[in-house]
Amino acid sequence: MAGAVLLGDEELLTGRFVLFVGLLGVLSGCGNGDSMESFGGPTMGSTYSIKYVRRANLPAPQDVRVEVEKILADVDQQMSTYRADSDISRFNALPADRCQTMPAPILELVRVGEQLSQQSEGSYDLTVEPLLNLWGFGPQGREEKVPNADALAEVQKRVGYRHLRIDGDRLCKDAAVEVDFNSIAAGYAVDTIAARLNAMGIHDYLAEATGELKASGKKLDGSPWRIALEEPRDDQQVAERVINVDGYGLSTSGDYRNYFQQDGRRYSHTFDARTGAPVVHDLASVTVIHPSALMADGLSTLLLILGPEKAWDYAEKHDIGAFFVIRADTGFVTRTSPAFERLSGAKN
3 MAGAVLLGDE ELLTGRFVLF VGLLGVLSGC GNGDSMESFG GPTMGSTYSI KYVRRANLPA
63 PQDVRVEVEK ILADVDQQMS TYRADSDISR FNALPADRCQ TMPAPILELV RVGEQLSQQS
123 EGSYDLTVEP LLNLWGFGPQ GREEKVPNAD ALAEVQKRVG YRHLRIDGDR LCKDAAVEVD
183 FNSIAAGYAV DTIAARLNAM GIHDYLAEAT GELKASGKKL DGSPWRIALE EPRDDQQVAE
243 RVINVDGYGL STSGDYRNYF QQDGRRYSHT FDARTGAPVV HDLASVTVIH PSALMADGLS
303 TLLLILGPEK AWDYAEKHDI GAFFVIRADT GFVTRTSPAF ERLSGAKN
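Start counting the sequence shown at 3; every next residue gets the next number (this note's numbering).
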C-alpha cells in the first residue's frame with residue numbers, strides 16, 4: 003500500500019489509524035487452509051487497503067480485488083471533482099436552474115448531506131466547493147490565501163444546500179452551486195466494499211479507503227482488529243489510543259494535515275458554510291465510530307466544524323460515538339463520548 007510504514011507488528015494506514023495486524027497471522031495460516039489475504043493500491047487521490055481472512059471455498063484473491071476496484075472506479079467516475087468527466091463535475095459545470103439525471107448513489111449522498119446540514123444548522127454543507135477553490139484548497143484552487151471580502155461575498159451566493167433539490171432521478175439547482183462529496187464519498191465506498199465482501203462470503207475483514215475504514219469479525223488468529231488512533235501532530239505519527247473494532251465504520255477528521263498560514267494565523271481546509279471561512283477553534287481532530295462508515299465519515303467532519311463545545315453537545319444529543327482531541331496550552335487533551343466507549347471496546 004502506498005505510504006504504509008511498517009513499525010514492528012504495526013502498520014500505519016494513511017496517516018489516520020494504526021492497524022495492529024500481527025505479522026505471524028498475516029504470513030501463515032492456522033493449519034486448516036485459511037489464510038490472511040491483503041491487497042491495496044491508489045484511489046481517490048490517496049490509497050485503499052483490504053485485509054481479510056480467506057476461508058475454504060471462498061473466491062480467489064484476484065477475484066476479490068476485481069470486485070473492490072470496480073466499486074472504487076464507479077465512485078471515482080460518479081463523485082470525483084478532480085476529473086472533468088465525472089457525473090458530479092458535469093453537474094457542477096451547469097448554470098443555475100438546470101437539472102441532470104444522476105446515478106442512485108449520488109442522490110443518496112445528497113440526501114445524507116441535506117440531513118447533516120439540517121442537523122448542524124447549515125454549518126456542514128456539500129456545496130462548499132466554490133469556497134474551497136477560493137481559499138486555494140479545492141481542485142480549481144490557485145493560491146492558498148485569505149480572499150478579500152468582495153470575492154468571498156460573491157462566492158457565498160453559490161453556496162447552500164437549499165439550492166439543491168431532487169426531482170425523481172434528477173439533481174437540480176436554482177443557483178450555480180458546486181457539490182463536493184469529499185466528506186462522505188470514501189465512507190460510502192467503504193460501506194459498499196464491505197457489503198460486497200459479505201455477499202462474497204467474506205465476514206472477517208478490514209476495508210479502508212483514504213483513511214476511512216470498516217472492520218468485521220476477527221483476524222486469522224481469532225484476535226480482534228485493533229486500531230490505534232493517531233495523535234494530531236504535524237511532525238510525527240504517534241498512537242493516541244487503541245480500540246477494538248468489529249462491525250463498525252471508523253473515521254477521523256482533523257485540521258492538522260491540510261492548512262496554510264498567513265500573517266501568523268492558521269487556516270485549515272475545514273469550512274463552516276455559514277461564514278464562508280475555515281473554522282477557528284481548539285478542536286484538532288474527531289474520530290467517530292458508527293455502524294455506517296458513510297455516517298462516520300460525514301459526522302466526523304460535522305463535529306470538527308462545530309468545535310469542542312457544540313460538537314460534544316451534538317454527540318451527546320444524538321448518541322454519537324466520538325473521540326475528541328483538543329488543543330491545550332500543554333499539548334492535547336482528549337474527551338470521549340459514552341457511546342464511543344460502548345461501541346469501541348476502547349483501551350488506553
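Here a beta-carbon is modelled for each residue, glycine too, at the ideal position from N, C-alpha and C.
- Cβ-Cβ distances below 6 angstroms link G278 to L133, L154, Q158 in the same chain, with the five nearest sequence neighbours on each side left out; the list follows chain order.
- When C-alpha distances from G333 are compared across D321, L285, P340, the shortest belongs to L285.
- Contact between Y84 and G42 is ruled out by a C-beta separation of about 20 angstroms, above the 8 angstroms threshold.
- When DSSP reads this structure, K53 sits in a beta bridge with S40, L208.
- Sixteen is the threshold: when 16 or more other Cβ atoms of the shown chains lie within 10 Å of the Cβ of V112, as they do, the residue is buried.
- For D171, the CB contacts under 8 angstroms within the same chain, skipping 5 residues up- and downstream, are T103, M104, A106, L109 in chain order.
- Its Cα nearest to that of D99, the residue V179 stands out among H320, V179, S37, K312.
- Residue environment analysis places Q80 among the buried positions, since at least 16 neighbouring C-beta atoms fall within 10 angstroms of its C-beta.
- For G35, there is no enclosing beta strand (DSSP E), since its DSSP letter is neither H nor E.
- Shown here for Y50: same chain residues with a beta carbon closer than 6 angstroms to its own, the five before and five after excluded, namely G42, A211 in chain order.
- Taking C-beta separations shorter than 8 angstroms and ignoring five residues to either side along the sequence, the partners of S88 in its chain run D78, Q79, Q80, M81, S82, following chain order.
- Scanning I204, D299, P226, H271 for the CA closest to the CA of G251 turns up D299.
- In the three-state DSSP reduction, R100 falls in the strand class (E or B).
- DSSP places E180 outside both helix and strand once states are collapsed to three, so it counts as coil.
- In this structure, the CA atom of G162 is about 13 angstroms from the CA atom of N94.
- The DSSP-derived three-state label of T194 is helix.
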